[in-house]
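S.K.: Have a look at this one before I ask anything.
Numbering (my numbering), first residue to last: 1 to 139.
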């Protein structure tokens, strides 16, 4: 059975949001308290390919696909839609700044997810800046 971010308690989602901001204490908390999939999802959003591969091979492949869909990968977006994971599909679109998807979260008063969308969007912006900064490139 597919999992969704809506399956989690709001307090766990708040910890995930802090982990998405890069706070490793919250990632450790998630991992040590029975939510390794959320710790891995957060790491995958931060471009950790080992975490992404773990998710794809685990009982939580939809979270790995979600990370790829957030990055705009067409196959991942299509996979979420084909598997009728509508919430995750809308969430990924909102993280990519799709106005209709963001409006859906606003209209449904899903503030905790809007907060996560903002956090992920900010993280993607920083990753983009880092990748274009010649001083931060690895060679």
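Ideal Cβ placement from N, Cα and C applies to all residues, glycine included. Computed from a predicted model, the values in this text were never measured in an experiment.
Just reading off the alpha helix (DSSP H) that residue 78 is part of, what are its end residues?
M.R.: 74 to 82
S.K.: Can you tell me which of the three DSSP states residue 55 falls into?
M.R.: helix
S.K.: Should residue 4 be listed as close to the ligand ADP, given that the test is whether its C-beta is under 7 Å from any heavy atom?
M.R.: With respect to the ligand ADP, the structure shown offers nothing to examine, as it has no ligands at all.
S.K.: On the three-state DSSP scale, how would you describe residue 3?
M.R.: coil
S.K.: Excluding five sequence neighbours on each side, which residues of the same chain lie with their C-beta closer than 8 Å to the C-beta of residue 10?
M.R.: Cβ contact annotation for residue 10 (same chain, cutoff 8 Å, sequence separation greater than five): 112, in chain order.
S.K.: My understanding is that residue 77 touches residue 92, with C-beta atoms under 8 Å, so please give their C-beta distance in whole angstroms.
M.R.: Contact holds; Cβ gap of about 7 Å.
S.K.: Ordered along the chain, which non-local residues of its own chain (more than five positions away) have a Cβ less than 8 Å from that of residue 4?
M.R.: 62, 85, 87, 88
S.K.: Let me make sure I understand the geometry here. Which of 55, 98, 105, 97 has the alpha-carbon closest to that of residue 140?
M.R.: Residue 140 falls outside the range modelled here, since the chain spans only 1 to 139, and no answer is possible.
S.K.: So residue 45 and residue 20 are supposed to be a Cβ contact under 8 Å. How far apart are they, rounded?
M.R.: 6 Å
S.K.: Using the beta-carbon count (16 or more within 10 Å), is residue 119 buried or exposed?
M.R.: buried
S.K.: In terms of alpha-carbon separation, which member of 12, 124, 32 lies closest to residue 72?
M.R.: 124
S.K.: In its own chain, which residues sit with a C-beta less than 7 Å from the C-beta of residue 144, not counting the 5 before and 5 after it?
M.R.: Nothing in the structure corresponds to residue 144, since the chain is present only between 1 and 139.
S.K.: Should residue 68 go down as buried or exposed, given a rule of 16 or more other Cβ atoms within 10 Å for buried?
M.R.: Buried.
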